[in-house]
Each structure stands twice: as structure tokens, then as C-alpha cells.
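Reading through the C-alpha cells given below for one structure.
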Amino acid sequence: MTVITPSEQKTNIYCPSLTAYERRKTISIHIGDLPMGSDYPIRVQSMTTVDTMDTQGSIDEVIRMVESGCEYVRITAPSVKEAQNLENIRNGLRKLGIQVPLIADIHFTPNAAELAARIVEKVRINPGNYADRKRFEVIDYTDASYAAELERIREKFIPLVKICKEYGTAMRIGTNHGSLSDRILSRYGDTPLGMVESALEFLRICEEFNYFNIALSMKSSNTQVMVEAYRLLVQRLDEEGLKPYPLHLGVTEAGEAEDGRIKSAVGIGTLLEDGLGDTVRVSLTEAPEKEAPVARALIERYTSRAAHTPIEPIDHCPINPFQYTRRDTREVYNIGHLNVPRVIADYSNIEVGQLDDLKSIGHFFLPVPDKWAMNDQGADFIYTGQKPVPFMLPNGLREILDYPQWLVHDEKHIKFPLFDVSEWNPAKESSSGLNFIKGDIHSFDEAFLNGISGKNNVVLVLHTGNAHAMPEMRRFFYKLTELHVKTPVIINRSYETDLGDKLTLHSATDIGGLLVDGFGDGTLLSPLFAEDTTHADKLKAAASYNSIAFGILQAARTRMSKTEYISCPSCGRTLFDLQETTAMIRKHTEHLKGVKIGIMGCIVNGPGEMADADYGYVGMGKDKIALYRGQEVIKRSVHSSKAVEELIELIREDGRWIEPEEREILV
Numbered sequence: 001m002t003v004i005t006p007s008e009q010k011t012n013i014y015c016p017s018l019t020a021y022e023r024r025k026t027i028s029i030h031i032g033d034l035p036m037g038s039d040y041p042i043r044v045q046s047m048t049t050v051d052t053m054d055t056q057g058s059i060d061e062v063i064r065m066v067e068s069g070c071e072y073v074r075i076t077a078p079s080v081k082e083a084q085n086l087e088n089i090r091n092g093l094r095k096l097g098i099q100v101p102l103i104a105d106i107h108f109t110p111n112a113a114e115l116a117a118r119i120v121e122k123v124r125i126n127p128g129n130y131a132d133r134k135r136f137e138v139i140d141y142t143d144a145s146y147a148a149e150l151e152r153i154r155e156k157f158i159p160l161v162k163i164c165k166e167y168g169t170a171m172r173i174g175t176n177h178g179s180l181s182d183r184i185l186s187r188y189g190d191t192p193l194g195m196v197e198s199a200l201e202f203l204r205i206c207e208e209f210n211y212f213n214i215a216l217s218m219k220s221s222n223t224q225v226m227v228e229a230y231r232l233l234v235q236r237l238d239e240e241g242l243k244p245y246p247l248h249l250g251v252t253e254a255g256e257a258e259d260g261r262i263k264s265a266v267g268i269g270t271l272l273e274d275g276l277g278d279t280v281r282v283s284l285t286e287a288p289e290k291e292a293p294v295a296r297a298l299i300e301r302y303t304s305r306a307a308h309t310p311i312e313p314i315d316h317c318p319i320n321p322f323q324y325t326r327r328d329t330r331e332v333y334n335i336g337h338l339n340v341p342r343v344i345a346d347y348s349n350i351e352v353g354q355l356d357d358l359k360s361i362g363h364f365f366l367p368v369p370d371k372w373a374m375n376d377q378g379a380d381f382i383y384t385g386q387k388p389v390p391f392m393l394p395n396g397l398r399e400i401l402d403y404p405q406w407l408v409h410d411e412k413h414i415k416f417p418l419f420d421v422s423e424w425n426p427a428k429e430s431s432s433g434l435n436f437i438k439g440d441i442h443s444f445d446e447a448f449l450n451g452i453s454g455k456n457n458v459v460l461v462l463h464t465g466n467a468h469a470m471p472e473m474r475r476f477f478y479k480l481t482e483l484h485v486k487t488p489v490i491i492n493r494s495y496e497t498d499l500g501d502k503l504t505l506h507s508a509t510d511i512g513g514l515l516v517d518g519f520g521d522g523t524l525l526s527p528l529f530a531e532d533t534t535h536a537d538k539l540k541a542a543a544s545y546n547s548i549a550f551g552i553l554q555a556a557r558t559r560m561s562k563t564e565y566i567s568c569p570s571c572g573r574t575l576f577d578l579q580e581t582t583a584m585i586r587k588h589t590e591h592l593k594g595v596k597i598g599i600m601g602c603i604v605n606g607p608g609e610m611a612d613a614d615y616g617y618v619g620m621g622k623d624k625i626a627l628y629r630g631q632e633v634i635k636r637s638v639h640s641s642k643a644v645e646e647l648i649e650l651i652r653e654d655g656r657w658i659e660p661e662e663r664e665i666l667v
């Protein structure tokens with residue numbers, strides 16, 4: 001982890017408190033009759049998927065969204081005709097007594113934005129394509145030529161600012177990582193700084209005209225980049241003396257189902273923990289009415305924040321929160337240093353009696369070849385506590401036992417002990433290779449840390465009973481950083497099994513928020529079972545917790561264990577059924593471990609919004625698909641009936657395709 005100087009530690013503060021939940025103070029902005037800012041609840045919004053020219057279809061969809069808890073509704077206006085039709089949609093809703101504020105989503109078309117600003121309550125513009133065109137060119141600007149470009153942008157943008165000010169229309173200046181202009185990329189690179197500067201260029205023009213009814217966003221499909229950009233934005237606003245504008249939070253193209261929820265929570269939840277965020281949009285490749293309940297579940301954790309045990313305050317940040325660097329640790333066995341974060345499955349309350357009991361955590365016994373196999377989400381360790389597995393484990397799985405049980409085990413030379421802090425110092429025997437010690441920020445005090453800091457066979461298992469879990473754990477990692485302790489740390493969180501979506505969202509926030517800061521060398525997700533839970537249900541829970549653990553590591557970009565789909569949530573610009581297409585592509589490619597595939601409904605969201613995808617599948621017309629390698633278009637106008645086959649062929653050309661049946665591991 002990069003060494004931070006004392007002066008940098010002071011300027012790295014980006015939120016009201018790193019240890020106590022405190023929402024960032026912002027100005028209030030007015031969006032119709034529903035204001036936004038720190039004086040108001042964190043708002044929920046989503047975006048329609050119906051063609052904007054389908055007036056009744058749009059009205060019906062907005063109604064479903066409002067009924068699901070959506071407070072602001074965004075509608076795409078890719079051209080003047082759609083912007084004009086916003087008035088028909090708005091009037092239709094008002095006749096039904098639905099007063100939800102509408103937001104026009106604008107890309108490439110200033111004239112559509114200027115018209116929409118006279119009709120709806122808010123316009124969203126993307127500074128990457130409002131006045132620029134993206135050609136993926138590197139341009140060598142002088143200060144004078146760059147200033148001339150800014151003046152050109154200013155002249156294009158000023159009319160919209162004046163209209164918004166005259167009509168009382170709010171604006172979101174929404175930077176997207178994947179659609180930064182060539183101008184920004186040429187000067188600042190593909191960085192969070194480039195994202196922030198892209199928005200500030202437009203914001204400074206607004207302030208020049210005393211127009212402040214503005215929200216800001218820094219979206220990316222990469223959770224690390226997204227978190228870093230929002231934090232840097234807040235820091236830069238303070239540094240430049242600009243107003244503390246409200247923030248709209250979102251992870252672009254999060255995907256669907258569990259993966260989409262985990263990815264959203266890692267990004268959005270981390271910032272909510274920091275006290276940042278005034279409105280939330282969860283971007284799922286699902287019906288838009290499915291998004292608001294997920295956003296609400298994330299927000300509710302902070303609107304009714306549980307009282308928590310005080311955490312030792314800190315007035316500086318000992319890491320760089322604007323750039324990912326993994327905490328530097330020593331390697332212990334296969335944990336820490338350059339190793340990917342490990343996944344430990346908690347079977348301490350599950351009786352392992354037969355080989356099939358390990359299927360839940362990705363390890364399968366094949367009777368015919370008489371050998372074990374493992375899928376892409378095979379756990380690295382199994383913690384059995386006081387209930388040792390009664391048979392020989394597969395080579396890819398190692399067992400952890402409670403210290404007293406390990407001490408009397410016949411095969412302790414191939415098992416690893418888990419100590420409480422109170423057991424560690426008086427212990428007469430320990431493993432020469434790997435010892436786990438479980439504790440919290442209090443039991444892992446400075447005297448204890450001094451005692452183990454030089455040992456090369458110790459890994460800490462960090463847990464907390466604090467309702468403010470992530471910040472307490474983060475405070476401990478700050479402590480390790482400042483004391484230069486290089487012992488690896490496993491993050492342990494326990495959750496009840498009946499939480500539904502909240503299990504995914506809470507665990508992804510608590511653990512993912514640490515991972516994006518470079519903290520954590522593994523996870524131990526512990527299920528808390530009700531007394532009457534059956535063995536079968538316990539195994540189902542083990543499978544779910546294992547899947548979530550791998551999903552969090554992938555969403556935080558710290559361990560890629562499966563194919564990643566960067567799929568947009570659909571909107572009125574979409575040229576094909578995104579849910580159906582994503583499912584079809586997933587069916588054929590989900591075995592390609594570590595490959596990132598962008599699935600974009602239109603050219604606005606591709607190739608730019610695919611950001612760091614390896615391959616792209618982008619709608620370019622009715623039944624016409626463009627295929628990309630990275631951000632370079634390889635094939636145009638491929639008929640949709642052949643597009644998946646052509647995508648596979650492109651992956652095959654790059655030597656990255658394998659047939660599903662060729663794998664040694666099981667799906």
C-alpha cells in the first residue's frame with residue numbers, strides 16, 4: 001500500500017466522519033415538489049425502458065415504478081421528437097393525479113435538452129457527450145487549444161443553463177466513466193480525476209451564471225473507480241470552494257439478479273457508509289419497477305441507523321482513498337501478499353457426514369473417475385469448528401478447526417487451528433504453517449499486535465459486534481496501516497439466513513466497502529441458523545453464502561471467478577430485449593472465467609459505457625448488432641440471429657474460448 005505523507009493524510013478527508021455515521025451536508029435543490037439534499041430523506045429514482053414515443057406505454061410504466069417506491073423517474077430523450085413527447089407523458093400522468101418529477105436523459109443533443117428543460121422538472125446531461133464527440137483519438141492539447149475547447153463547450157452549454165434557471169428546472173451533471181470525451185482522456189487519462197474534471201468544467205459555467213439547482217454523479221461499472229471518483233469529487237468541491245451539491249449515486253450496468261445487487265451494494269453501499277449520497281438509482285437488467293425496492297433496502301439502513309458502539313475517531317486518512325492499492329501483507333501459506341483473497345466456508349454449525357455435503361461450496365466427488373472436482377466457486381477453506389470432516393478432503397480444500405479440537409486431532413499436521421485471542425498467548429502448541437486468530441478491534445489491541453506482527457504463520461480473523469460494522473473494521477485496518485503490521489486479515493461477518501435481499505446487500509456493503517479500499521485477504525461469511533433449520537436448508541444456506549462471498553470479491557474487482565456481464569438496465573433507446581439477450585449470452589458464455597462481456601442496448605451505452613469490457617454486444621439498429629473487442633468495433637450490422645455465434649467466434653479468435661465440456665471443473 002502506498003505510503004501517504006502527513007500532509008496528504010489531512011487532504012484525504014472526503015466525508016464528515018470515517019468512524020461515525022454522519023451524512024454530508026449539502027445545499028437543497030428543487031425538483032418539482034420533491035426537494036433533494038441533506039435536509040431531506042435520501043431519494044429513490046429509476047428509468048423507464050419503454051420507447052419514449054409510446055406515450056401510454058410510458059405512462060403505464062411510470063405508474064408501476066411509482067407504486068414500487070420510485071420518487072423520481074428518468075426518461076430518455078435522444079432527439080427533439082422524444083423531448084417534445086415528454087409533455088404528453090407528463091400531462092397524462094398529471095391527469096391521473098401522479099405528480100412524480102420527471103427527468104429527461106440527454107446524450108449528444110443539446111437542442112433536445114433545451115426543449116426538455118421547458119417541460120420536465122429536471123434534465124440530466126452527460127458532459128462526456130453533450131458538446132463533444134467520441135472518436136477514441138488522442139489529442140495533444142496546448143493550454144491555449146484546451147482553453148479554446150472549453151470556450152466552445154461554454155457557448156454550447158450556456159443556453160441550457162439560462163433555460164433551466166428561467167424555468168426553475170433542476171439539472172444533473174452526470175459523468176460516466178465509459179463516456180469520457182477524447183479531450184478529457186487526452187489531458188487527464190482514463191481516471192477518477194478525469195471524471196471529476198469533466199463535471200467541474202460544466203459546473204463552473206453554471207456557477208458563473210449563479211445557477212445552483214444541480215446534482216452531480218460519477219458513475220462507472222467498475223466499483224473501485226466509481227467510489228474513488230465520488231470521493232474525489234467531494235474533496236475537489238471543498239478544495240475549490242464550490243457549493244456542496246447533492247450527489248446522485250449509481251453503479252452503471254450492474255447486471256441482473258444476485259450479481260447486479262451485489263455490485264450495486266459494493267459501490268453505492270460503500271458511499272452511503274461514508275455519509276455520501278442524496279439520491280440512489282440501482283441499475284439492474286430487469287424491469288424498472290424491480291430497481292426501487294433494492295435502492296430502498298440500501299437506503300433504509302441509513303434512514304433508521306441503529307445505535308452503535310462508539311469507534312475511536314480519526315482526523316486523517318492514512319491511505320489514498322482516491323486510488324486503489326491493496327494493503328501490503330506478508331504471505332502466510334496461501335493467504336495475503338500477491339494471493340487472491342481467499343474464501344472460507346463456515347460449516348461450524350453444519351454436520352458433514354457425506355461427500356455430497358461439500359457440493360454447496362463447489363467441491364464435487366465424481367464416482368466414475370473416483371476423484372474430486374471443483375467449480376469456479378470452490379471454497380479455499382472449510383471452517384468446521386468442533387465438528388471435523390470424517391473423510392479425506394479434496395486437494396483444493398483445507399480444513400480449519402477450533403484450537404481445542406485441532407489439538408487432539410489425529411491429522412493436525414494437515415489441518416489448521418483457529419484461536420481466540422485469549423487462547424493464543426498461553427498455547428503450548430500451534431501450527432508451523434498457518435494459525436488463525438479470531439478477535440475484534442478491542443481484543444486485537446496494540447500489545448497483541450506487537451506480539452504477532454513479526455510472525456509469518458499467523459492470519460487474523462476480524463469480526464465485530466458493532467452495528468456500525470464496516471467503519472469499525474475499517475478503523476482497525478487504518479490502525480494496522482499506521483503500525484506497519486503486515487499480518488493478513490480475513491473479514492468475518494455473520495448474518496441471519498432469513499434476510500432475503502438484505503443478506504446480499506448488507507454483506508456486499510460491509511465487506512465490499514473494505515475490499516475497494518484495498519483491505520482484506522479473504523472472507524468468512526457465517527450463517528446464523530434458527531434452531532429448527534434442517535440439514536438440507538443449512539446446505540442451501542452454505543451454497544448461498546459461498547456464492548455471495550465470491551460475488552463480492554468479483555464486484556470489488558479483487559478476485560475474478562466467473563464471467564462478468566456489464567449489461568445496461570435498458571431504456572427507451574434500447575434496440576433489443578436486454579433481459580432475454582443477456583440470458584441468452586450468459587447461457588453460452590458463463591463458463592468463461594474472468595472474461596468481461598458488455599451487453600448494451602444502443603450506441604449511447606456502447607462502446608463507451610462498457611468501459612473495461614473485453615467484448616461488446618451493442619444494438620445499432622433493428623435486428624442489427626455491432627460486436628466489439630474492447631472499445632474497437634470489429635463487426636458491424638451482424639444480424640441478431642447470428643450475433644451470439646459471431647461473438648463466440650471473436651472470443652475463439654483471441655484464444656480465450658473453451659468448450660464447456662473441455663473443462664476439468666464442473667459447472
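For the sequence shown, full-length UniProt numbering gives the first residue as 1, with consecutive numbering after it.
Note that beta-carbon positions come from the ideal geometry of N, C-alpha and C, so glycine has one too.
Keep in mind that this is a model prediction, so the values were computed, not measured.
Item                                                                                                               : Value
For Phe-391, the residue or residues it bridges with in DSSP                                                       : None, per the DSSP bridge assignment.
Whether Ile-103 touches Gly-277 by CB criterion (8 Å)                                                              : no
Helix, strand or coil at Pro-293 [DSSP, three-state]                                                               : helix
Residues near Glu-496 in its chain [Cβ-Cβ closer than 7 Å; skip 5 each side]                                       : Leu-528
C-beta contact flag for Pro-313 and Thr-509 at 8 Å                                                                 : no
Separation of His-442 from Thr-309, as counted between CA atoms                                                    : 12 Å
Alpha helix (DSSP H) runs wholly inside the stretch 400-476, at least 4 long, in chain order                       : 403-407, 421-424 and 446-452
Gln-554 classed as buried or exposed, judged by whether at least 16 other C-beta atoms fall within 10 angstroms    : buried
Buried or exposed (CB count within 10 angstroms, at least 16 for buried), Gln-354                                  : exposed
Collapsed DSSP secondary structure at Ala-131 in the structure displayed                                           : coil
Within 8 Å, strictly: CB atoms of Val-282 and Ser-304                                                              : no
Buried versus exposed call for Val-196 [16 or more other C-beta atoms within 10 Å across all chains shown]         : buried
Opening and closing residue of the beta strand (DSSP E) in which Met-600 lies                                      : 596-600
Simplified DSSP state of Ser-283, which is helix, strand or coil                                                   : coil
Boundaries of the alpha helix (DSSP H) in which Met-560 is found, first to last residue                            : It is not in any alpha helix (DSSP H) - Met-560 carries neither H nor E in the DSSP assignment.
Beta strand (DSSP E) runs wholly inside the stretch 340-375, at least 3 long, in chain order                       : 342-346, 363-366 and 371-374
Residue of Tyr-324, Tyr-302, Gly-433 and Tyr-347 minimising C-alpha distance to Ile-335                            : Gly-433
Range covered by the beta strand (DSSP E) that runs through Glu-496                                                : 489-496
Residues near Glu-429 in its chain [Cβ-Cβ closer than 7 Å; skip 5 each side]                                       : Leu-407
Three or more C-beta pairs below 8 Å linking the stretch 203-210 and the stretch 180-188                           : no
Per DSSP, the bridge partner or partners of residue 724                                                            : Since the displayed the chain opens at 1 and closes at 667, residue 724 lies outside it and no answer follows.
Leu-18 in three-state terms, based on DSSP                                                                         : coil
Outcome for Leu-524 when other beta-carbon atoms lying within 10 angstroms are tallied against a minimum of 16     : buried
Sequence-distant residues of the same chain with beta carbon closer than 7 Å to Glu-664, five excluded per side    : Residue placement at Glu-664 is poorly supported in this model, since its pLDDT is 41, which falls under 50; the coordinates still yield a value, given next. Only Ala-373 meet the Cβ criterion.
For Lys-562, the nearest candidate out of Ile-597, Thr-109 and Arg-152 (CA to CA)                                  : Ile-597
Continuous beta strand (DSSP E) stretch holding Ala-626: start and end                                             : 624-629
Backbone CA spacing between Leu-666 and Arg-586 [nearest angstrom]                                                 : The predicted position of Leu-666 is uncertain, since its pLDDT is 37 and thus under 50; a value taken from the coordinates is nonetheless stated next. Each residue's alpha carbon lies about 16 Å from the other.
Segment contact flag, the stretch 511-519 with the stretch 254-270, C-beta cutoff 8 Å, min 3 pairs                 : yes
Residues near Asp-105 by beta carbon distance below 6 Å, same chain, minus five either side                        : Arg-74, Thr-76 and Arg-124
Span separating the alpha-carbon of Glu-632 from that of Pro-660                                                   : 27 Å
Pairwise C-alpha distance: Glu-482 and residue 704                                                                 : What is shown of the chain runs 1 to 667, which leaves residue 704 out entirely.
Counted within 10 angstroms of its Cβ, other Cβ atoms place Arg-342 as buried (16 or more) or exposed              : buried
C-beta contact flag for Arg-296 and Val-62 at 8 Å                                                                  : no
Met-600 classed as buried or exposed, judged by whether at least 16 other C-beta atoms fall within 10 angstroms    : buried
Spatial neighbours of Gln-405 in its chain, beta-carbon cut-off 6 Å, leaving aside the 5 residues before and after : Gln-386
Per-residue DSSP class, three states only, for Glu-662                                                             : Residue placement at Glu-662 cannot be trusted, given a pLDDT of 47 that sits under 50; the coordinates are not used to answer.
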